[in-house]
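What follows is a short report on a single structure.
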Amino acid sequence: MDAKITKQRLRDRLPYDWFKIVAVTLISILVWNIIYTFTGVKLTLGERFTFVVVADGYNKQNVEAFTEKLKGEVSYGLQSVDYELVNPESENDATELFAMMVEGGPDFVVFTDQPRLDENGNYVVQEDGYVYGSIFRNYVDLHIVASYADAIVWAKDFLARFYVDGNIGEGRTFKAGVVEEYFRQTQKGDNRFRKEKQILNGIELEKQRFEKYADATLALEKLYTEHPEIFVWYGRYTQQAAMDALQNKDNPSYEPTVTPWEPRPYGINLSYFPNASELCRGADEKSTNGLVLTILNCDLNAYETNGVWATVEHKDPRGEDLFFETLIAVNTFVKTYGNF
Numbered sequence: 036m037d038a039k040i041t042k043q044r045l046r047d048r049l050p051y052d053w054f055k056i057v058a059v060t061l062i063s064i065l066v067w068n069i070i071y072t073f074t075g076v077k078l079t080l081g082e083r084f085t086f087v088v089v090a091d092g093y094n095k096q097n098v099e100a101f102t103e104k105l106k107g108e109v110s111y112g113l114q115s116v117d118y119e120l121v122n123p124e125s126e127n128d129a130t131e132l133f134a135m136m137v138e139g140g141p142d143f144v145v146f147t148d149q150p151r152l153d154e155n156g157n158y159v160v161q162e163d164g165y166v167y168g169s170i171f172r173n174y175v176d177l178h179i180v181a182s183y184a185d186a187i188v189w190a191k192d193f194l195a196r197f198y199v200d201g202n203i204g205e206g207r208t209f210k211a212g213v214v215e216e217y218f219r220q221t222q223k224g225d226n227r228f229r230k231e232k233q234i235l236n237g238i239e240l241e242k243q244r245f246e247k248y249a250d251a252t253l254a255l256e257k258l259y260t261e262h263p264e265i266f267v268w269y270g271r272y273t274q275q276a277a278m279d280a281l282q283n284k285d286n287p288s289y290e291p292t293v294t295p296w297e298p299r300p301y302g303i304n305l306s307y308f309p310n311a312s313e314l315c316r317g318a319d320e321k322s323t324n325g326l327v328l329t330i331l332n333c334d335l336n337a338y339e340t341n342g343v344w345a346t347v348e349h350k351d352p353r354g355e356d357l358f359f360e361t362l363i364a365v366n367t368f369v370k371t372y373g374n375f
């Protein structure tokens, strides 16, 4: 048999072999996609946690290091913990941030809060023709930003169902069977917990998750009670209303389109955390002055029009309860950069 390899034979076989290679590759990809569809872990919005820094200055290496630290603190419920850096002077960055906010992606955000006001605290047109507002207040006006006071109430309301007498403090004890029932109900479809052995392990992880939430909630409540001065209070829509009024100051028929809310503690003033300057910096490029730390609600539908979270008993819990991971993040930030 003449099995000699010649250039002509190679040229004759190459198109056929190339077709087979492409076909096999495409089939392999299709098969793996089908396998992943049925067996892979699908991340919901709540299972992805994003730390965003919107500041005039930041240290990428330190932001990354803090994000890695968060990965060791949060519960098993989060399957992705990442960060984004946003330059407020960049139009592209601002557009990307707006898209993230609309999607509900960010969870834990540092914002600049440096509006330019006159001596009476009013917004005015500057010499360059612009009116400079606060990025922090703008995003509270336009998006779903949770106040710290509300978050504490929500967490206590959520956790009370799992503990005897609703006690999440000292001496707390889980109600018999409640965590297991909740886990089996909410983790359907999570391919990490398909077999009974995996489910039993998951129930223990769920208990650890709620314990983390309880600790973080109590720590935040203690900070809120003992150091109210560090919280930034703002009435939602106040800046938007002021900007609209300024823009229409010469329009006699103008009527306000929004009504400002009563002030709520939407931020933590990072000027009380000077050590965090290694992470991010304000307009002076040296300190944390003019920066605030905010927490966002991962589910945009969870806020009612008056800003109060609906009763947890009537909510689909999957993904939404992972909002409380932000309380762990707050606690981690305070322990890392604070002196309280």
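Residues 36 to 375 in our numbering are what the sequence shown lists, from first letter to last. Positions of the beta carbon are idealized from the N, C-alpha and C atoms, including for glycine. Note that the structure is a prediction, hence the values are computed from the model and not measured.
- With a beta-carbon spacing of about 17 Å, Ala90 and Thr130 fall beyond the 8 Å limit used to define contacts.
- Looking only at Pro287, Asp356, Gln149, Tyr272, the smallest Cα-Cα distance to Glu82 is reached by Asp356.
- Rounded to whole angstroms, the separation of the alpha carbons of Leu328 and Pro295 is 21 Å.
- By the 16-neighbour rule on beta-carbons within 10 angstroms, Ser288 is exposed.
- Membership of Glu119 in the beta strand (DSSP E) is indicated by the continuous run 115-121.
- Short of 7 Å from the beta carbon of Tyr174, and not among the five residues preceding or following it, lie these beta carbons of its own chain, in chain order: Met136, Phe146, Val180.
- Per the coordinates, the alpha-carbon of Asn324 lies some 18 Å from the alpha-carbon of Pro300.
- Each of Glu297, Asn304, Gly224 was checked against the Cα of His262, and the nearest Cα belongs to Asn304.
- Counting C-beta atoms within 10 angstroms of its own C-beta, Leu235 has fewer than 16 neighbours from the protein chains shown and is therefore classed as exposed.
- In this chain, the alpha helix (DSSP H) harbouring Leu194 covers 183-195.
- Taking C-beta separations shorter than 7 Å and ignoring five residues to either side along the sequence, the partners of Lys95 in its chain run Leu120, following chain order.
- The stretch 366-373 makes contact with the stretch 253-271; the number of CB pairs closer than 8 Å reaches 3 or more.
- Counting along the chain, the unbroken alpha helix (DSSP H) around Asn366 starts and ends at 360-372.
- Contact annotation: the stretch 272-289 does not touch the stretch 304-314, with fewer than three C-beta pairs closer than 8 Å.
- Relative to the Cα of Glu246, the nearest Cα in the group Lys106, Phe359, Thr102, Val87 belongs to Phe359.
- Its Cα nearest to that of Val144, the residue Phe171 stands out among Phe171, Thr273, Arg151, Tyr158.
- The criterion of a C-beta distance shorter than 8 Å is satisfied by Cys315 and Tyr93.
- Arg244 counts as buried, since at least 16 other C-beta atoms from the protein chains shown sit within 10 angstroms of its C-beta.
- By the criterion of a C-beta distance shorter than 7 Å, Gly270 is surrounded in its chain by Pro295, Trp296, Glu297, Pro298, once the five residues flanking it on both sides are discounted.
- Spatial neighbours of Ala195 in its own chain (CB-CB distance under 6 Å, excluding positions within 5 residues in sequence) are listed in chain order as Gly201.
- With contacts defined as CB atoms closer than 8 Å, Leu258 and Asp142 fail to qualify as a contacting pair.
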